[in-house]
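Colleague:
In my numbering, the protein residues as written are 642 to 699.
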């Protein structure tokens with residue numbers, strides 16, 4: 642799978658590359674990468690899952 646990166650963020654995934662604007666770059670992506678992941682120094686950083694609230698806000 643290939644990930645399309647712009648400004649350090651995965652914006653699309655595809656099985657094969659296709660021509661894109663020079664502001665974008667294609668990189669190999671491991672399983673589990675989704676749009677919205679950050680790509681920093683050659684590594685994917687997954688977004689943190691939102692915390693679970695245990696009591697209502699006061």
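For each residue, glycine too, the CB sits at the ideal point set by N, CA and C.
Run through the DSSP bridge pairs and tell me what residue 706 is partnered with.
Modeller: What is shown of the chain runs 642 to 699, which leaves residue 706 out entirely.
Colleague: When we look at the beta-carbon of residue 681 and count the other beta-carbons within 10 Å, is it buried (16 or more) or exposed?
Modeller: exposed
Colleague: Would you give the residue range spanned by the beta strand (DSSP E) that residue 685 belongs to?
Modeller: Segment 684-686, the beta strand (DSSP E) holding residue 685.
Colleague: Determine the direct distance from the alpha carbon of residue 645 to that of residue 666, and round the result to whole angstroms.
Modeller: 6 Å
Colleague: Where does the unbroken beta strand (DSSP E) through residue 659 begin, and where does it stop?
Modeller: Premise fails: residue 659 is in no beta strand (DSSP E) and is neither H nor E.
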